[in-house]
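Each residue of the sequence shown is one higher than the one before, counting from 1 in our numbering.
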Amino acid sequence: MTDEQYMKLAIEQAERALEKDEVPIGAIIVYQDEVIASGFNVRELSQETLSHAELIAIQQANKEIGSWRLEDCTLYVTLEPCPMCAGAIVQSRIKRVVYGAVDPKAGCAGTIMNLLDNQRFNHQAEVTSGVLEKECSLLLTNFFKALRERKKH
Ligand SMILES: [Zn+2]
1 MTDEQYMKLA IEQAERALEK DEVPIGAIIV YQDEVIASGF NVRELSQETL
51 SHAELIAIQQ ANKEIGSWRL EDCTLYVTLE PCPMCAGAIV QSRIKRVVYG
101 AVDPKAGCAG TIMNLLDNQR FNHQAEVTSG VLEKECSLLL TNFFKALRER
151 KKH
């Protein structure tokens, strides 16, 4: 499968977040051409700081593989990882990260800084950005637009 096809699956996860009135961000993890984990943002439902799509998917992948090391895995996420998730990506040794939309407010995979490509850490992840960027960012802008509309009424 191509990056675009895998990103579509991450977008499906983001749509599941949207159904629950959560900020639509979704992630999947691929190992040996197989999707082994998925997650979507549930921060409002859980009221937990750590409930980001990437962290949920990483924990699921750990269980699936039976290891904290995700060395041969690729993470697909609809929005550029924040500092917390980028930190978890470095810690989990994920090989490659593919993301859709950039996050000017929290992006730590190249926008504000790049935690995934710093030679001073003991691990670097390969980053591909802008895959299905329009679809990914449209989900978010539509969500926030609807939220503002609701607040007005
Ligand atoms: Zn995050």
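Idealized CB from N, CA, C, for every residue including glycine. For clarity, every value in this text was computed on a predicted model and none was experimentally measured.
With hydrogens ignored, establish whether the beta-carbon of C136 is closer than 7 angstroms to any heavy atom of ligand 1.
-> no
Using only the heavy atoms of ligand 1, determine whether one of them is closer than 7 angstroms to the beta carbon of E54.
-> yes
In whole angstroms, what separates the C-alpha of V102 from that of E80?
-> 5 angstroms
Could you give the DSSP three-state label for A88: helix, strand or coil?
-> Three-state result, A88: helix.
Would you check whether ligand 1 has a heavy atom nearer than 7 angstroms to the C-beta of P81?
-> yes
Helix, strand or coil at R69 [DSSP, three-state] | coil
Taking 7 angstroms as the cut-off, is the CB of M113 close to at least one heavy atom of ligand 1?
-> Distance from the C-beta of M113 to the nearest heavy atom of ligand 1 is not below 7 angstroms.
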